[in-house]
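First up is the structure itself, then whatever we jot down about it.
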Amino acid sequence: NNVNFMKLDLTVLDNCIKACKGQDYVFNLIGIKGSPKMSRERPASFMVPMLMFNTAMMEAAMRCGVKWYLYTSSVGVYHPAEVFKEDDVWSTFPSDNDKHPGWAKRIGELQADAYKIQYGKDNISIVRPANVYGKWDNFDPENAMVIPSLINRIVSGESPLVCWGDGTPIRDFIYAGDCADGMIHMVENGVTDPVNLGSGDGVSIKDVAESIRNCYNKDIKIEWDTSKPKGDARRLMDTTRAQSHGFKCSTSLQDGIRETLEWFLSNQELYKKRNNCFTREG
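Residues in the sequence shown are numbered from 20 upward in steps of one, following our numbering.
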């Protein structure tokens with residue numbers, strides 16, 4: 020109730036002003052998510068729109084005088100490392116696997132810093148989520164992230180399920196509900212330093228695939244194509260700062276996968292109605 024939905028092109032500043040006008044709080048959750056394959060083959064589809072709508076939306080919020088603004092950055096801003104610490108970002112470059120979306124997100128963080136320096140605007144929270152998954156995700160197996168893509172392929176009965184790499188890379192996953200709670204928590208507590216949002220616990224891609232298969236309770240064989248790239252070996256969030264501000268994830272990977280799978284089983288056609296930049300022509 021009392022929610023107004025607007026469908027706008029947020030690469031256009033005037034549209035962003037229309038969205039921000041009269042608002043006390045603005046959460047910028049705009050982003051483009053895609054598989055490593057999409058990141059390599061279509062980097063402009065990541066970088067250019069993100070630069071445009073991140074810049075326009077933050078500028079609009081500042082012009083409209085919102086009380087508080089949340090900018091959603093990304094794990095992609097980090098240089099390859101086993102554990103990502105917030106203060107390490109600006110002494111390194113993003114990983115080659117994430118350099119285009121990573122730089123786009125870094126520019127948004129710099130924009131927030133610019134407002135603080137020039138106008139004394141200290142009302143922007145910056146969060147850097149790990150790999151977010153959950154209900155309402157993009158489940159297109161051709162371009163989605165690992166968990167929703169695997170859920171779709173397993174439910175579709177693909178067997179053997181052939182996955183890229185060898186399954187050994189370690190990743191940090193955060194359930195969408197936990198991520199939303201973390202964002203709200205940082206805004207409510209006036210946190211302006213960049214904060215990682217993740218579980219802080221690592222799980223291999225192999226374990227993720229097997230967990231989804233076991234949750235679906237089907238006898239599906241999983242094979243690994245080691246001729247394909249596997250990405251960075253280990254990417255974990257240091258969640259010390261988030262915990263110091265009183266936030267910690269509450270949803271286990273197993274519970275999150277189960278809830279996401281159950282939602283997908285009841286909404287298998289819904290993801291096709293989402294706006295997917297990778298299925299556009301051109």
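Beta carbons: idealized from backbone N, C-alpha and C, even for Gly.
Handout entry: Where the beta strand (DSSP E) containing Met164 begins and where it ends
Key = Segment: none, Met164 is in no beta strand (DSSP E) and carries neither H nor E.
Handout entry: Rounded C-alpha distance that separates Leu280 from Asn171
Key = 9 Å
Exercise for the section: Give me the Cβ distance between Asp191 and Met256, rounded to the nearest whole Å; I'm assuming they're in contact under 8 Å. Expected result: Confirmed, about 5 Å.
Exercise for the section: Could you please give me the residues that DSSP links to Leu255 through a beta bridge? Expected result: BP columns for Leu255 point to Val102.
Handout entry: Beta-ladder partner(s) of Pro148, from DSSP
Key = Leu216
Problem - Residue of Glu177, Ile136, Asn208, Val108 minimising C-alpha distance to Ile241 - result: Nearest to Ile241 by alpha-carbon distance, out of Glu177, Ile136, Asn208, Val108, is Glu177.
Problem - Host beta strand (DSSP E) of Val45 (start-end) - result: Val45: member of the beta strand (DSSP E) spanning 44-47, first to last residue.
Exercise for the section: Determine the closest residue to Arg82 out of Ser58, Val45, Trp109, with distance taken between C-alpha atoms. Expected result: Val45
Exercise for the section: Starting from Phe192, follow its DSSP beta bridges and name the residues at the other end. Expected result: Per the DSSP secondary-structure output, Phe192 pairs in a beta bridge with Asn150.
Practice task
Determine, using beta-carbon pairs with one atom in the region 108-121 and one in the region 266-274, whether at least three such pairs fall under 8 Å.
Solution key: no
Exercise for the section: Identify the continuous beta strand (DSSP E) that holds Thr91 and give its terminal residues. Expected result: Counting along the chain, the beta strand (DSSP E) containing Thr91 begins and ends at 87-91.
Exercise for the section: Work out the CA separation of Leu32 and Met25 for me, nearest whole Å. Expected result: 15 Å
Exercise for the section: Please classify Ser114: does DSSP put it in a helix, a strand, or coil? Expected result: coil
Practice task
For Glu60, count neighbouring Cβ atoms within 10 angstroms of its own Cβ and tell me buried if that reaches 16, exposed if not.
Solution key: exposed
Practice task
Check whether the Cβ atoms of Asp159 and Lys291 lie closer than 9 Å to each other.
Solution key: yes
Problem - Chain-order list of residues whose beta-carbon lies under 6 Å from that of Ser168 (same chain, five-residue window excluded) - result: Pro160
Exercise for the section: Whole angstroms is fine: what's the gap from Ala79's alpha carbon to Asn286's? Expected result: 35 Å
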